[in-house]
Amino acid sequence: MSNDLQLFNEDAQEQLDFMEAALVSMQDNGVNDDDIGALFRAMHTIKGTSGMFGFDDVVGFAHVAENLLSDVREGKVDLTESMLELFLLSKDHTANLINIAIEEEVSSPEIKQTNDDLLSKLIAYLPNMQEDNETNAKENIDENSSNNLGETLWHLSLQFTPDFFNSGMDILNLLSFLDDIGQVKNIFAQDDKIPKLQDINPTQTYIAFQLQLLSEAALEDIEEVFEFVVDDMELDIFKSTDTESLSKVIEKMDNSQLFQEQLIDKGFYTADDFLKSEQEVKADNTEDIKTTKTTSKESKTTPVKGKKEATKNFSLRVDSSKVDNLINQISEMVIANARIVQKADNLGDNDLSESAIILADLLEDIRSSVMNIRMVQVGDSFAKFRRIINDTAKKIGKDINFTINGGDTELDKMVIEKISDPLMHMLRNSVDHGVEMPDEREAKGKNRSGSVTLSAYPDAGMIVIEIRDDGKGLDKDAILAKAIKQGIVSESANLTDKDIYNMVFEAGLSTAKEVSDISGRGVGMDVVKRNIKELRGTVDIDSKLNEGTLFTIKLPLTLAIIDGFLIQVGKTKYIIPLEMIQECIELNASYKEKMKGNQFINLRDNILPLLDIRSHYNEEESDSKRENVVVVQYGDYQMGILVDELFGEFQTVIKPLGDIFANVPGISGGTILGSGDIGLIFDIPKLMEHKIRGATHG
Amino acid sequence: METLEYDKLTIYEVNALKDSLLEVVKGISDNLILDIASVEKIDMPAIQLLLSIQKSCKEKGFYLTLIGVQPSVEENLKVCACDSLIGGTS
Chain E
1 MSNDLQLFNE DAQEQLDFME AALVSMQDNG VNDDDIGALF RAMHTIKGTS GMFGFDDVVG
61 FAHVAENLLS DVREGKVDLT ESMLELFLLS KDHTANLINI AIEEEVSSPE IKQTNDDLLS
121 KLIAYLPNMQ EDNETNAKEN IDENSSNNLG ETLWHLSLQF TPDFFNSGMD ILNLLSFLDD
181 IGQVKNIFAQ DDKIPKLQDI NPTQTYIAFQ LQLLSEAALE DIEEVFEFVV DDMELDIFKS
241 TDTESLSKVI EKMDNSQLFQ EQLIDKGFYT ADDFLKSEQE VKADNTEDIK TTKTTSKESK
301 TTPVKGKKEA TKNFSLRVDS SKVDNLINQI SEMVIANARI VQKADNLGDN DLSESAIILA
361 DLLEDIRSSV MNIRMVQVGD SFAKFRRIIN DTAKKIGKDI NFTINGGDTE LDKMVIEKIS
421 DPLMHMLRNS VDHGVEMPDE REAKGKNRSG SVTLSAYPDA GMIVIEIRDD GKGLDKDAIL
481 AKAIKQGIVS ESANLTDKDI YNMVFEAGLS TAKEVSDISG RGVGMDVVKR NIKELRGTVD
541 IDSKLNEGTL FTIKLPLTLA IIDGFLIQVG KTKYIIPLEM IQECIELNAS YKEKMKGNQF
601 INLRDNILPL LDIRSHYNEE ESDSKRENVV VVQYGDYQMG ILVDELFGEF QTVIKPLGDI
661 FANVPGISGG TILGSGDIGL IFDIPKLMEH KIRGATHG
Chain G
1001 METLEYDKLT IYEVNALKDS LLEVVKGISD NLILDIASVE KIDMPAIQLL LSIQKSCKEK
1061 GFYLTLIGVQ PSVEENLKVC ACDSLIGGTS
């Protein structure tokens, strides 16, 4: 895909998202002018940009939709529920058309059929077409006979870079698009620079254009036409009355005198205009504001306004791999600097130590700024679920109130992207299986419409995402029966409610009595869990029969770096994620005495199971005289990890371990320490699982 | 008269077109007439090349005229104000 096409595609997807957001918002909150405006602008932009690429199918369809929207905006047509539905379908169809155009495919008969169906439906809503055409025709006559007040005669100077043709955008398309947004009054091709045949490089751009466009469009609208090629050309747009800008363009030409004559010759201006303008420039120079005509005042305000908007909306589209690269490099710097800190300590060089620590602080700042680049609010990607929920609910005849909380919570973009599919699946499940049919709800004394809530909030270095519904809840017995039947658990197993609920994440277990096309095929929840696990997150279920179900997903803020706590057992250094550490205690003689060889200690009258890392990983005895216990908490479980040395906090850059470590449970990755040694990162949930299993089985 | 046997004249054809007409234009001794009846599509690089040919002809005192111009091509030439290529009077 060429660069311009890619830009177009990104822009179009964005506009389609705007459309959907506006439509869904109106479905939920009723019709309002803001959303209608947003909808219209999005359709208008798509029509415009597609036109520039010559995607006629898209333009043709968008044009009709835009016409109808324009009437809606002017209050000629009322926007009804069924029209919202129609526009949603139109939006999807537009997306299809755009894809087809970009991939240069041929429309399938189905697409053509949809196209015709939608067009006829859209047209049916248009107020009496015949009449409309007549008024249009009348307006056209008016336009020709006299300048409408809203119209401006713009002067456009289009100069192209020599390799403009490589941009893939045909100038002809640009020009004919201008014809669409206004009336090209005068135009001439500047062919002075085109060499003779023997000297020409046919793929290089020599030609340039001057034209005058009579249009109601604002400066920004015209600029939008050139949005994708503005880097490949020199574009000047100004009002034809703006003599100052005109003289600047004239000055820029190699042969200004000839150019001025051409402008007169081609009917752009009269010789008198230039005489006048000279006088005006003089008047301007004496800074006699009173004699400055309104025309030049206008010319001064227009560019300023344009500039302001540019700063307001300034944002960069950066390839995410660039940010990843930066994060990697900074991570390496953090590691390198850790080494310096350690060297300085070993040398006892206080000055060096201090400098290194300052550097470490700065690196930390940079790191968090860079990480911040990746952070995006979850709200934008959550918004698209609204449509899916509405569609799903409608399809199966349920009524759902969908609420999003904490949309401003920030999360790593990559995490959001990866969590999106699992979330969608879980939401669909909630709608399909969780919430009951309206009649059933009524019989249970519940509100006919069910509620599904998606919330996000930060909690202790993690982001928590909750999906809550007030449906029928999970049927514990059914799950257990199915799990036993499928041999996932044995009949005699003693399971807590939580254990049973969590079985829905096992592969092949779906309790849906009927498989619908929405969910219930038994694939999904296990994939959901796996995806979440891959993000170093966890997912938990809680449910009450007939009251509802709550899924709690906990995700790390980011994937690349964690705050760790460095410890040593035997000869190996390990890292425990800091956010899981509750406290560190020294395992002194009094504890040991009370342990009496058991694998737990009494911590303030609570039993704390202990995991001895030395025996767990067959570490050698260490020289350390002291033993320490790091108390970690994960979910509702607490566990003590018996270790030798405590070193303290350590910024840990997670590096994946090779395949050879894939089957070592309890180790999630590695890192390079300041000394150049390797540190292994504990996977605390895994270790706990191991400990708990060991306890129940043994 | 030269007949251009292309169904489209675009940036992909301009190099070949230039090569094929270079000798013709060099040895030109009369007004040049190009039959483009087979051409259904034209883009700006091709139009630019035609303008270059027109320039070279003019320099030797001859005109370039396009004949057999299809409506879609004529439309394109009009959009960029290069329809003078058809009339051959420029």
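Sequence lines, in order, name chains E and G.
If you count the first sequence from 1, position 553 lands on 553 in the working numbering, and the numbers rise without skipping.
Just so we're on the same page, the working numbering is the position in the second sequence counted from 1, plus 1000.
Where a beta carbon is used, it is the ideal one built from N, C-alpha and C, also for glycine.
CA-to-CA distance, residue j to residue i, given in whole angstroms
i, j, result
"G448 (chain E)", "V230 (chain E)", "The question names Gly, yet the displayed sequence has Arg at residue 448 (chain E). Cα to Cα, R448 (chain E) sits roughly 55 Å from V230 (chain E)."
"K655 (chain E)", "S353 (chain E)", "26 Å"
"Y1063 (chain G)", "N67 (chain E)", "46 Å"
"A338 (chain E)", "L680 (chain E)", "17 Å"
"L213 (chain E)", "G51 (chain E)", "17 Å"
"S430 (chain E)", "G471 (chain E)", "8 Å"
"G182 (chain E)", "A217 (chain E)", "7 Å"
"L23 (chain E)", "K498 (chain E)", "40 Å"
"N325 (chain E)", "S331 (chain E)", "10 Å"
"L608 (chain E)", "I541 (chain E)", "25 Å"
"S1090 (chain G)", "V323 (chain E)", "With a pLDDT of 38 at S1090 (chain G), under the threshold of 50, the predicted position of this residue should be treated as unreliable, and no value is reported."
"L603 (chain E)", "I692 (chain E)", "18 Å"
"N166 (chain E)", "T205 (chain E)", "9 Å"
"I100 (chain E)", "K185 (chain E)", "35 Å"
"S25 (chain E)", "A393 (chain E)", "16 Å"
"Y125 (chain E)", "V376 (chain E)", "39 Å"
"V249 (chain E)", "V1025 (chain G)", "35 Å"
"N144 (chain E)", "L263 (chain E)", "For N144 (chain E), the predicted model reports a pLDDT of 42, less than 50, meaning its position is unreliable and no value from the coordinates is stated."
"V334 (chain E)", "G37 (chain E)", "49 Å"
Proximity below 7 Å, CB of residue i to CB of residue j
i, j, result
"G670 (chain E)", "L687 (chain E)", "no"
"A62 (chain E)", "K76 (chain E)", "no"
"F177 (chain E)", "V225 (chain E)", "yes"
"I1042 (chain G)", "V1073 (chain G)", "yes"
"G407 (chain E)", "F385 (chain E)", "no"
"N405 (chain E)", "S455 (chain E)", "yes"
"V72 (chain E)", "L119 (chain E)", "no"
"S211 (chain E)", "L156 (chain E)", "Ser is not the amino acid found at residue 211 (chain E); the sequence shown has Leu there. Yes, these two residues count as a Cβ contact at 7 Å."
"P1045 (chain G)", "I1086 (chain G)", "no"
"L535 (chain E)", "V415 (chain E)", "yes"
"L1017 (chain G)", "I1036 (chain G)", "no"
Proximal residues of chain G, C-beta to C-beta of residue i below 8 Å
i, result
"I187 (chain E)", "C1080 and A1081"
"F165 (chain E)", "I1011, M1044 and P1045"
Where residue i meets chain G, residues with beta-carbon distance less than 7 Å
i, result
"S176 (chain E)", "V1079"
"P202 (chain E)", "V1014, N1015, K1018, P1045 and L1049"
"Y206 (chain E)", "Q1048"
When the options are compared against residue i, the one with the closest alpha-carbon
i, options, result
"T114 (chain E)", "E:I100, E:L89 and E:L126", "E:L89"
"T243 (chain E)", "E:L258, E:D232, E:K266 and E:F274", "E:F274"
"D11 (chain E)", "E:D33, E:G37, E:R468 and E:A42", "E:A42"
"T572 (chain E)", "E:Y501, E:M639, E:E534 and E:F647", "E:F647"
"C1080 (chain G)", "E:K625, E:N32, E:I100 and E:L172", "E:L172"
"S321 (chain E)", "E:I373, E:G168, E:I340 and E:L16", "E:I373"
Cutoff 6 Å; reference residue i; Cβ partners in own chain excluding five residues on either side
i, result
"L359 (chain E)", "N337"
"F650 (chain E)", "G564 and L566"
"I700 (chain E)", "Residue numbering for chain E in the displayed model covers 1 to 698; residue 700 (chain E) lies beyond these limits and cannot be assessed."
"L550 (chain E)", "R468 and D542"
Residues that residue i contacts on chain E, provided the C-beta gap is smaller than 7 Å
i, result
"V1025 (chain G)", "L197"
"M1001 (chain G)", "Under the 7 Å cutoff, chain E gives no residues; its nearest Cβ is about 18 Å from M1001 (chain G)."
"I1053 (chain G)", "L197"
"L1064 (chain G)", "Per Cβ cutoff of 7 Å: no residues; L1064 (chain G) is ~10 Å from chain E at best."
Neighbourhood of residue i by C-beta distance below 8 Å, restricted to the same chain and skipping five residues each side
i, result
"M233 (chain E)", "L158, Q159, F160, T161, F164 and F226"
"E619 (chain E)", "V569, G570, K571, T572 and I613"
"K1078 (chain G)", "none"
"I532 (chain E)", "I419, P422, T538, V539, I553 and L555"
Proximal residues of chain E, C-beta to C-beta of residue i below 8 Å
i, result
"N1031 (chain G)", "In chain order: nothing, as chain E lies at least about 16 Å away."
Interface residues of chain E facing residue i [CB-CB closer than 9 Å]
i, result
"I1067 (chain G)", "Per Cβ cutoff of 9 Å: no residues; I1067 (chain G) is ~19 Å from chain E at best."
"I1086 (chain G)", "Per Cβ cutoff of 9 Å: no residues; I1086 (chain G) is ~14 Å from chain E at best."
Under 9 Å from the C-beta of residue i: neighbouring residues of chain G
i, result
"Y269 (chain E)", "Near Y269 (chain E) there are no residues of chain G at all, since even the closest Cβ is about 17 Å away, more than 9 Å."
"F238 (chain E)", "Going along chain G, no residue has its Cβ under 9 Å from F238 (chain E), so there is no contact; the nearest lies around 20 Å."
"D179 (chain E)", "V1079"
Cutoff 7 Å; reference residue i; Cβ partners in own chain excluding five residues on either side
i, result
"N96 (chain E)", "I111"
"Y457 (chain E)", "G406, T409 and V464"
"I366 (chain E)", "I330"
"I1028 (chain G)", "C1057, K1060 and F1062"
"G150 (chain E)", "E216"
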